[in-house]
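So the sequence shown is numbered by the numbering used here: it starts at 3 and just counts up by one.
We put the beta carbon where it would ideally sit given N, CA and C, even for glycine.
Values in this document were obtained by computation on a predicted structure and should not be read as measured data.
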Amino acid sequence: MTEWNNWGRCESVTPVERVRPSSVDEVSAVVRSARDRGLRVKAVGTGHSFTGIAVAPGVQVDMSGLTGVLRVDGTRVTLGGGTVLHDLPPLLDPLGLALQNMGDIDAQTITGATSTGTHGTGAKFGGLATRIVGATLVTGAGDILNVSETENSKLLPAVALGLGALGVLVDVTVDCVPSFGLRCVETPEPLELVLTEWTQRIAEADHFEFYWFPHTEAALTITNTRLPADAPTKPLSAASRWFDESLMSNTFFAGSTAFQRRFPGTTPRINRLSTGLTGNRAFSDKSYRVFTTERRVRFREMEYAIPQDQIPTVLREIKALIERKGWTISFPVEVRAAAKDELWMSTATDRATGYIAVHRYFREDPTEYFTAVETIMKAHEGRPHWGKMNTRTAADLAPAYPKFGEFLKVRDQLDPDRVFTNDYLDRVLGK
Ligand SMILES: Cc1cc2nc3c(=O)[nH]c(=O)nc-3n(C[C@H](O)[C@H](O)[C@H](O)COP(=O)(O)OP(=O)(O)OC[C@H]3O[C@@H](n4cnc5c(N)ncnc54)[C@H](O)[C@@H]3O)c2cc1C
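What follows is the structure, given as structure tokens:
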């Protein structure tokens, strides 16, 4: 059996068995057979979680045999659980549909992304899982369970964002929206101005986010405005897309990150240079081409959700921390927003949310930086992204989620024998 590694190269495992089912009945047989042999089961997506949430020491379920559009009902599209986000535009575009919002990349599977609470930015929009209106799940007993607004509806807020702890999602029904375009404006701006205007910026824009480059006073702001599908667009030319995204954001960034590792004293100057070389552009295109970009430079990430209005205070605390410690941090800090939602384990459950993400090059030890940032986040009622590095435990997470106890009851009901657990879930949910 070959070893499995996650994208960030911080988790690995050699499963006892790897299976690739192509029907719901096969998934059910896999779960029953594993349970009878005392093995645990874990469906994996494309391994883009930085935590051990997808680690499968027992039976690893490769979902790539269960993909594509299964049904369409108005804007509601039922997708095979293994469908990769990147494959959606050619499937949804001809239907005149699109995902309502997206994160930074499209390399994840729909079920991997939604199971960890993957989100983009936009104070009026929720994460990807908030659009799930139905699912077919294989439970720990190997039973097939349909969950929707009309069947087992009480389970929907748990199953839509279930951390992979409740079963194998064979398919999910996503409420899409009519296709749309986005106008994107990227501008380097003074960090303090952006922090002062944070609440206003996220309220006025459809999708606002910014990157702060440590050791500088500059933020790169990204403001996206939704356009009707038939509005004329001005996409980036192939050459400028290549220059900005392939050369500057990946090739130059990879080279400069490796250089800074050898010569950390150069980081402040390179970060200042980066704020001048990247950004400062405006274009418009189909939504999915604007929301997502390619990330070829490997890194590790921790991201926390905090009350939206605390973003300026917390970012200033992180800036002061980096200055005080004298660390050199080459990766920018990413700041986003999301609407409050009602999914029990969502990082945005019950509160309007701001996100702050910190990164480190994958060959650098992130522990000291991430631990100190996590301490700040905890002091601000922070909730960790389930797919990004954190050290939290069930005991200290429970008070942060109003429905934590109810989620655990559903887990007891759907997976009483803990067929779907692993070390990470034991830590964050308990055994
Ligand atoms: C470069 C990069 C950029 C990223 N950008 C963002 C971003 O912009 N916003 C954001 O919020 N996150 C982001 N992430 C995090 C990422 O979206 C999540 O970690 C996501 O879960 C990864 O999806 P995946 O398909 O790789 O799932 P995996 O990491 O393989 O699995 C994640 C979880 O889903 C479960 N799972 C997978 N398939 C099924 C299934 N069929 N049934 C039940 N459970 C299942 C797994 O068991 C596991 O618990 C990024 C990660 C990387 C590496």
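ILE107 vs VAL176 beta-carbon contact at 8 Å: Taking the first residue of the sequence shown as position 1, residue 107 is located at position 105. Taking the first residue of the sequence shown as position 1, residue 176 is located at position 174. In this structure, VAL176 does not lie closer than 8 Å to ILE107 by Cβ.
Suppose you measure from the CA of PRO230 to the CA of THR118; what does that come to, to the nearest Å? Position 228 of the sequence shown, counting from 1, holds the residue named residue 230. Position 116 of the sequence shown, counting from 1, holds the residue named residue 118. The alpha-carbon of PRO230 is positioned some 30 Å away from that of THR118.
Is the distance from the Cβ of ILE421 to the Cβ of ARG20 below 8 Å? Locating residue 421 in the sequence shown gives position 419, where the first residue counts as 1. Locating residue 20 in the sequence shown gives position 18, where the first residue counts as 1. Per the sequence shown, the amino acid found at residue 421 is Val instead of Ile. No, these two residues do not count as a Cβ contact at 8 Å.
In its own chain, which residues sit with a C-beta less than 7 Å from the C-beta of LEU416, not counting the 5 before and 5 after it? Looking up residue 416 in the sequence shown gives position 414. Sequence-distant partners of LEU416 (beyond 5 residues in either direction) whose C-beta falls short of 7 Å from its own C-beta, in its chain, are THR141, GLY142, LEU168 and GLY169.
Does the pairing of the stretch 371 to 380 with the stretch 313 to 329 give three or more beta-carbon distances under 8 Å? The stretch 371 to 380 makes contact with the stretch 313 to 329: 3 or more CB pairs, one atom from each, lie closer than 8 Å.
Do you know offhand how far ARG34's Cα is from ALA220's? On the sequence shown, position 32 is the one that residue 34 refers to. On the sequence shown, position 218 is the one that residue 220 refers to. Near 55 Å, if we compare the C-alpha coordinates of ALA220 and ARG34.
Tell me whether LYS236 counts as near ligand 1, meaning its Cβ is closer than 7 Å to at least one heavy atom of that ligand. Mapped onto the sequence shown, residue 236 falls at position 234. LYS236: no, Cβ never under 7 Å from ligand 1.
Can you tell me where the alpha helix (DSSP H) with ILE112 in it begins and where it stops? What you label residue 112 is simply residue 110 of the sequence shown in a count that begins at 1. For ILE112, the enclosing alpha helix (DSSP H) covers residues 112 to 117.
Ordered list of alpha helix (DSSP H) runs contained in the stretch 128 to 196, each at least 4 residues: Complete alpha helix (DSSP H) runs here, min 4: 158 to 161.
The stretch 390 to 399 in contact with the stretch 423 to 431 per 3-pair CB rule at 8 Å: At 8 Å Cβ cutoff, the stretches touch.
Tell me whether LEU157, by its Cβ, gets closer than 7 Å to a heavy atom of ligand 1. The sequence position of residue 157 within the sequence shown is 155, counting from 1. No.
In three-state DSSP terms, what is LEU317? The residue given as residue 317 occupies position 315 in the sequence shown. In the displayed model, LEU317 falls within a helix according to three-state DSSP.
Selected residue, minimal CA-CA separation from GLU336, among ARG362, THR330 and ASP343: Your numbering for residue 336 matches position 334 in the sequence shown. When C-alpha distances from GLU336 are compared across ARG362, THR330 and ASP343, the shortest belongs to ARG362.
Backbone secondary structure at GLY356 - three-state DSSP: If you number the sequence shown from 1, residue 356 lands on position 354. GLY356 carries a strand assignment under DSSP once its states are collapsed to helix, strand and coil.
Sheet register partners of GLY124 (DSSP bridge): As a first step, residue 124 is located in the sequence shown; it is residue number 122 there, counting from the start. DSSP output for GLY124 lists ALA340 as bridge partner(s).
May I ask you to verify whether the stretch 301 to 320 touches the stretch 177 to 186, counting CB pairs closer than 8 Å and requiring at least 3? No, the stretch 301 to 320 is not in contact with the stretch 177 to 186.
Based on the DSSP secondary-structure assignment, which residues constitute the bridge partners of GLY67? Within the sequence shown, numbered from 1, the residue matching residue 67 stands at position 65. For GLY67, which the question treats as bridged, DSSP gives no partner whatsoever.
Return the CA-CA distance between MET3 and ASP419, expressed in angstroms with no decimal places. Position 1 of the sequence shown, counted from the first residue, corresponds to residue 3. Position 417 of the sequence shown, counted from the first residue, corresponds to residue 419. Separation of MET3 and ASP419 (C-alpha to C-alpha, rounded to the nearest whole angstrom) is 26 Å.
Could you tell me whether any non-hydrogen atom of ligand 1 is closer than 7 Å to the CB of ILE55? Along the sequence shown, one-based indexing puts residue 55 at 53. In this structure, ILE55 has its beta carbon less than 7 Å from a heavy atom of ligand 1.
Going by the beta-carbon positions, is the gap between PHE56 and GLY49 smaller than 8 Å? Here residue 56 corresponds to residue number 54 of the sequence shown, with the count starting at 1. Here residue 49 corresponds to residue number 47 of the sequence shown, with the count starting at 1. For clarity, residue 56 is Ala in the given sequence; the question names Phe instead. When the beta-carbon positions are compared, ALA56 and GLY49 come within less than 8 Å of each other.
Going by the C-beta, is THR420 closer than 7 Å to any heavy atom of ligand 1? Here the question's residue 420 lines up with position 418 in the sequence shown. The sequence shown places Arg at residue 420, not Thr. When distances are taken from the beta-carbon of ARG420 to the heavy atoms of ligand 1, even the shortest one reaches 7 Å or more.
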